[in-house]
Structures are given as C-alpha cells and as structure tokens.
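Reading through the structure tokens given below for one structure.
Residue numbers (mature numbering (1 follows the signal peptide of the UniProt record, and there is no 0)): -37 to -1, 1 to 169.
Structure, rendered in structure tokens:
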C-alpha cells in the first residue's frame, strides 16, 4: 500500500484543523448570540390579575419613577387623582410642583383595555377630538398592587416607563424592599429608578 505523501497529509490535517476552528467559532458565535438574545429579551411583562377601578380611584402620590421627558421640570413628587366617569372611563388629573413654586397640571382620560376587571388601561392627555387616533393613547399597566390598594406600580410592555405610587407620600423600608425584589424579578433595571421625594423607606419627617 502506498503511503500518502507528507504534503498531502499536512494539507489534510490543516484543512481538518481549519474546519474544526470554523465549527468551534460558529458554535461559539451561536452560543453568544443566543445568550445575548436571552439577556435582551426578558419575559413578557406580567400584570396583576385584576383591578377594581372604584377602589383604585382617588389620590395617589408618586414615590419613585424612571426619568422621563414629560416630568423633567418636576421639582418634587407628583400626585395623580383619578375620578370614575359615567360609562366607565376615568378622569386623570396629574400635578407636579415646579422650581418657581407653581404647579403644573395635566388633565387626561383613561380607558380600560379588555374585559371588566382588566389591569390594562390606556391614558391620553391629547385633546378629546384627537382621541380616535391610536397614537395619542399610552399604555398604563398595573403590574403590582397590594390588597388594600395603598401601593401600586404602573408600567408598560417595553418597561421603558415605571411609576411607584402610594396613598401616602412615604413608604416604609420593609414594604419598599419587598417591592424592589418583586420588580427585579419582573426584569426591571432598578438602577434607573429615581425617588420623587424623600428616599423611600426613610423615617417619616415629624
């Protein structure tokens, strides 16, 4: 039997090595790509099972939020007042203090999306005559709500916006830490969360 020439053997080994490196490279790229995709795509945002709008009505104090362009001039915590209207829609009145001592006020409307009890709403602050345009409505999803309706978290599917609301201007430390744990489990980047007023969990001022 004729032995293969050294040149051919070397070439074959080189081709085999190149194929192995290429295969490993493709496998590595696939692994990294899959890992990045898993990191970049958290699970769909979960809401609470249901919201009783009548109990949800009234005044809420902003405790913390993700920074956003439409509250950039707020110098302190905002308040949100919800008033149920005939037909099931909600009048929304948002107020936030300004650095000059004045209060900025925005009045809008919210509507429930889906069946009765749905925790998904849409809110608009555009004029009523533009309400037929889908683009003027923003998602308002209640993703956390305590049984007593004293603490709520509102966000939207992309997790770009987040508000922590409470019936009182401050939240105790234990309640705050438990809430933060739940929001981490929901995939929120809490490094973005900014207190709207006194640091949540701090002792109340006398």
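All C-beta atoms in this analysis are idealised placements derived from N, C-alpha and C, irrespective of residue type, glycine included.
The model shown is predicted, which means the values in this text are computed figures rather than measured ones.
Straight-line measurement puts the Cα of residue 59 at about 7 Å from the Cα of residue 68. DSSP places residue 16 in the helix class (H, G or I) of the three-state scheme. In the DSSP assignment, the residues bridged to residue 54 are 46 and 72. Residue 24 is bridged by DSSP to 42 and 129. For residue 108, the uninterrupted beta strand (DSSP E) run begins and ends at 101 to 108, by DSSP. For residue 145, there is no enclosing beta strand (DSSP E); the enclosing alpha helix (DSSP H) covers residues 136 to 148. Out of 133, 18 and 38, the CA that lies nearest to the CA of residue 44 is found in 18. Assigned with DSSP and collapsed to three states, residue 154 falls in helix.
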